[in-house]
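So the protein sequences, as listed, match chains A and B. Numbering-wise (the numbering used here), the first sequence opens with residue 1 and increments by one. Numbering-wise (the numbering used here), the second sequence opens with residue 1001 and increments by one. We put the CB at the ideal spot given by N, CA and C, even for glycine. Taking it in order: structure first as structure tokens, then the write-up.
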Amino acid sequence: MAKVKFSIYRFDPEKDEKPYMQNLEVELEPSDRKLLDVLVKIKALDDSLSFRRSCREGVCGSDALNINGTNGLACLTDISSLSQPITLRPLPGLPVVRDLIVDMTQFFKQYHSIKPYLINDEPPPETERLQSPEDREELNGLYECILCACCSTACPSFWWNPDKFVGPSGLLNAYRFIADTRDQAINERLDNLEDPYRLFRCHTIMNCVEVCPKHLNPTRAIGKIKDLMVKRAI
Amino acid sequence: MNVTKRTFDAVIVGAGGAGLRAAIQLSEAGLKTAVLSKVFPTRSHTVAAQGGVAASLGNSEEDHWHWHMYDTVKGSDWLGDQDAIEFMCKKANEVVIELEHYGMPFDRLDSGKIYQRPFGGHMSNFGEKPVRRSCAAADRTGHAMLHAMYQRNVKVNTQFFVEWMALDLIRDADGTVLGVTAMEMETGEVMILQAKATLFATGGGGRIFYSSTNAFINTGDGLGMAARAGIPLEDMEFWQFHPTGVAGAGVLITEGVRGEGGILRNSSGERFMERYAPNAKDLASRDVVSRAMATEIKEGRGCGPNKDYVQLDITHLPPETIMKRLPGIHEIALQFASIDALKEPIPVVPTAHYMMGGIPTNYSGRVVAPKGGDMSVPVPGLYAAGECACASVHGANRLGTNSLLDLLVFGKSAGESMVEDIKAMPGSHRDLPKGAADASLARLSRLESQKGGASVHETRLALQRNMQDHCGVFRFKDMLEKGVANILDIEQQVAQTEIKDKSKVWNTARMEALELDNLIEVAKATMVSANARLESRGAHVRNDCADSVEFPDGRNDKEWLKHTLWTRDGNRLEYKPVHLKPLTVDSIGLKKRAY
């Protein structure tokens, strides 16, 4: 079978003074369809290669990597679509813990900062809160976010200000609650984002849209939040 | 070695649906709770559930919890405990409505109520015709549910230990459970988490099979820890093979596809389920459909050059329905089968999916084990919920959408039991036994010094091949016997695996070796229990226990209407009676299953 060339970012803080790129060749079998299949194969030969993975079908969001310079999920990337040597690096802009594993603290801190939960202080009815199919449809393209961080770590504004700019994923999730007719905290949510950095560092570069493995559009969600701010100001 | 200790009221191991649901209960009660997870909570495997959660809301047509109960008992092939099943079906509406109140984005009907679709084995009026009972968010119900519950936990300030792996259960001389040892993956540090109440919500162990819909993390960690601590595992011979895993890839295609009108076809295009289940057809229960598919393939009516799969056809459905109700499936078919499901049928095969057995519990989520002649005595301090637990509501075969319901109902009831028990306990914690972390430290130090052992990868592969080849959809006497012998050999290899990577930092090689210690317990329990059960029931079907006048479908209620309990020490088997008596209604009497 065909041999494929890889160049993989390696760093173990216990033994490496600095990161290096490891070059290697792997023999593929017909069943090696996705990049993750091949990473698992490489790990069988060298158990020290560290990366996160779980569902292997693109819903858990564990195996986001920088693949030939573009962020994506290893489990959804066809190995045959990649030019060689296949260059794998950890997601950019976050501290590297080891090999392809980054410290996601800052990313989740921003997610948590948008109060990612439904706020509705009225006593709940005995049945479900009603919502029309049309109102529910507003949540499509928002609730499907898997928190893989492909988008936020592809965003230059997030690279420069990861502590101040919420980032595309956090903002998409903010709009998921703003758009939910059951949520009562729109004003509080907008106040929480009305800041030169938290929302307005988005310069519509749209890297987020390019890389989202779930085909979501954070830029559009951010635009809708901005529209609501303008409307509110008038 | 000195091991740091931290003390909590409660420790929850696992942050999937069951763990998160229980955590809400504990956090709302103001108890100091630690939730440990190998992965960030929203990466737990509940995220991959697709088709829905069962509740007899009756939003589209008449429905009743009693009908749901009947279907679940029948689906379980009468091995489910009828008290637990009544409890679950009755509670379904309450827990689903709560979830909606947490913010779960269910699809909606024109009335504004939660959208419901038909699902396999769910019928109206005690088995008459399919009923719309599955509450769904497109084909991403598990994802929507897991995120909504994580979000609720953020709201109530639950404390998470993310990317921590629990290693072993701590019990004192009386058998009381006092917490767990755990390892932080980023630093390799081992810690004792002491607690008055410990919940296992660690999910399934489907990775014992070579081909499985399960995630890499589904290594049966709670079962391994329980088994090593002397707690038996119940009904481990019963594994569900989901009819529709993508051929070659194993990725799940929801039964909701058939709920929306999808049809299974063989190589001549025949809708073969009409022959096997004239009434429910493609919506018969999963064991029935999987066996029908395996039979079609075995008898040469499979599709493709090797005739080794059947086709799931949705090309006759309106494209709008597919893109609205099954968008994830369309994407999966593109990604993993390279086909456009709007235009071509999806190649599917039965694939290992769900563990009906697990850690024995009662319906309050308390773990129970035999003691002094009584087969179900609560183990003080230990609780289990979700796939790792066996309540038993699924018996010999689970109905689709009952797993998400199980983790909601029993996650909540386990959480309530923990709150109740902790409040009744004295303020101070019981003393830890001497050397509480010794067992875990010994496992780690063995790995540290092991030379010349087999690789974790090769050993795990041998284990998975053994289970796939000897304990599949159809089981054969000689294969089961061989499978038992093999797994005992593989156990020797597992005890001597060698890892090259010795780093303390994010050492995934060490983690996989520790997971293998859990997989081997699940695999042994499965093999030994399956070999011993001399009947066919639900998902356990043997060639030497075929359909006969005396034993319709090979089921032998006279001798085998009982739960298996496997204990690690000596691979010992015991049996305990099925609870045939529900809580308030009449028992659902034994019958031959037909769909």
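Cβ-Cβ distance between residue i and residue j below 7 Å
{"i": "H1045/B", "j": "A1182/B", "result": "no"}
{"i": "A1010/B", "j": "A1226/B", "result": "no"}
{"i": "R1108/B", "j": "S1056/B", "result": "no"}
{"i": "Y1363/B", "j": "A1084/B", "result": "yes"}
{"i": "P1350/B", "j": "S1403/B", "result": "no"}
{"i": "I1297/B", "j": "D1282/B", "result": "no"}
{"i": "C155/A", "j": "C212/A", "result": "no"}
{"i": "M1527/B", "j": "G1483/B", "result": "yes"}
{"i": "D1235/B", "j": "G1357/B", "result": "yes"}
{"i": "G1415/B", "j": "Q1025/B", "result": "yes"}
{"i": "A1539/B", "j": "A1424/B", "result": "no"}
{"i": "N1218/B", "j": "G1204/B", "result": "yes"}
{"i": "T1244/B", "j": "L1312/B", "result": "yes"}
{"i": "T1004/B", "j": "M1191/B", "result": "yes"}
{"i": "P90/A", "j": "L76/A", "result": "no"}
{"i": "D293/A", "j": "D1501/B", "result": "Here chain A comprises residues numbered 1 to 234, so residue 293/A is not present and cannot be evaluated."}
{"i": "G1453/B", "j": "E1498/B", "result": "yes"}
{"i": "V1177/B", "j": "T1202/B", "result": "no"}
{"i": "S1440/B", "j": "D1174/B", "result": "no"}
{"i": "S1376/B", "j": "V1367/B", "result": "no"}
{"i": "G1616/B", "j": "V1013/B", "result": "Here chain B comprises residues numbered 1001 to 1595, so residue 1616/B is not present and cannot be evaluated."}
Cβ of residue i within 7 Å of any chain B Cβ
{"i": "S54/A", "result": "yes"}
{"i": "L76/A", "result": "yes"}
{"i": "N131/A", "result": "A small fix is needed here, since residue 131/A is Gln in this sequence, not Asn. Cβ-Cβ to chain B under 7 Å: yes for Q131/A."}
{"i": "S152/A", "result": "no"}
{"i": "C202/A", "result": "no"}
{"i": "V4/A", "result": "no"}
{"i": "R89/A", "result": "no"}
{"i": "E210/A", "result": "no"}
{"i": "R98/A", "result": "yes"}
{"i": "F85/A", "result": "Position check: residue 85/A holds Pro in this sequence, whereas Phe was assumed. Chain B contact via Cβ: absent."}
{"i": "L118/A", "result": "yes"}
Residues that residue i contacts on chain E, provided the C-beta gap is smaller than 9 Å
{"i": "D1517/B", "result": "Any reference to chain E falls outside this structure, whose protein chains are A and B."}
Rounded C-alpha distance that separates residue i from residue j
{"i": "I1520/B", "j": "M1511/B", "result": "15 Å"}
{"i": "P172/A", "j": "N1153/B", "result": "Pro is not the amino acid found at residue 172/A; the sequence shown has Leu there. Roughly 20 Å separates the two Cα atoms."}
{"i": "E1128/B", "j": "A1138/B", "result": "26 Å"}
{"i": "G1250/B", "j": "R1465/B", "result": "15 Å"}
{"i": "Q106/A", "j": "E137/A", "result": "31 Å"}
{"i": "L28/A", "j": "K43/A", "result": "14 Å"}
{"i": "H1147/B", "j": "T1042/B", "result": "6 Å"}
{"i": "D121/A", "j": "Q184/A", "result": "8 Å"}
{"i": "R52/A", "j": "P1118/B", "result": "36 Å"}
{"i": "R182/A", "j": "R129/A", "result": "7 Å"}
{"i": "R176/A", "j": "V1131/B", "result": "32 Å"}
{"i": "S1060/B", "j": "Q1116/B", "result": "7 Å"}
Candidates the options: closest to residue i by CA position
{"i": "Q22/A", "options": "R129/A, S7/A, D12/A", "result": "S7/A"}
{"i": "S1428/B", "options": "T1007/B, N1002/B, V1003/B", "result": "T1007/B"}
{"i": "N68/A", "options": "T127/A, K41/A, C55/A, Q84/A", "result": "Q84/A"}
{"i": "A1530/B", "options": "W1239/B, G1452/B, Y1115/B", "result": "W1239/B"}
{"i": "S1267/B", "options": "M1145/B, E1186/B, T1295/B", "result": "T1295/B"}
{"i": "L1444/B", "options": "E1515/B, F1200/B, V1162/B", "result": "E1515/B"}
{"i": "M1467/B", "options": "E1458/B, V1456/B, L1480/B", "result": "L1480/B"}
{"i": "A1532/B", "options": "A1442/B, P1552/B, P1232/B, N1571/B", "result": "N1571/B"}
{"i": "F1476/B", "options": "V1368/B, Q1493/B, E1535/B", "result": "E1535/B"}
{"i": "D1287/B", "options": "E1189/B, L1399/B, T1141/B, P1380/B", "result": "L1399/B"}
{"i": "S1449/B", "options": "D1421/B, F1241/B, S1503/B, N1486/B", "result": "S1503/B"}
{"i": "N1306/B", "options": "P1319/B, A1247/B, G1256/B", "result": "A1247/B"}
{"i": "D163/A", "options": "R198/A, V209/A, I79/A", "result": "R198/A"}
{"i": "V1578/B", "options": "F1106/B, E1559/B, V1162/B", "result": "E1559/B"}
Endpoints, the beta strand (DSSP E) within which residue i is located
{"i": "N1306/B", "result": "Premise fails: N1306/B is in no beta strand (DSSP E) and is neither H nor E."}
{"i": "W1566/B", "result": "1562-1567"}
Proximity test, Cβ basis, 7 Å: residue i and chain A
{"i": "K1155/B", "result": "yes"}
{"i": "K1581/B", "result": "no"}
Residue i - containing alpha helix (DSSP H), residue span
{"i": "S1440/B", "result": "1438-1449"}
{"i": "R1460/B", "result": "1456-1470"}
{"i": "W1239/B", "result": "Unbroken run through W1239/B is the beta strand (DSSP E), 1239-1246; no alpha helix (DSSP H)."}
{"i": "M1418/B", "result": "1402-1424"}
{"i": "N66/A", "result": "Looking at the DSSP string, N66/A is not in any alpha helix (DSSP H); the run it does join, the beta strand (DSSP E), is 64-67."}
{"i": "C208/A", "result": "207-211"}
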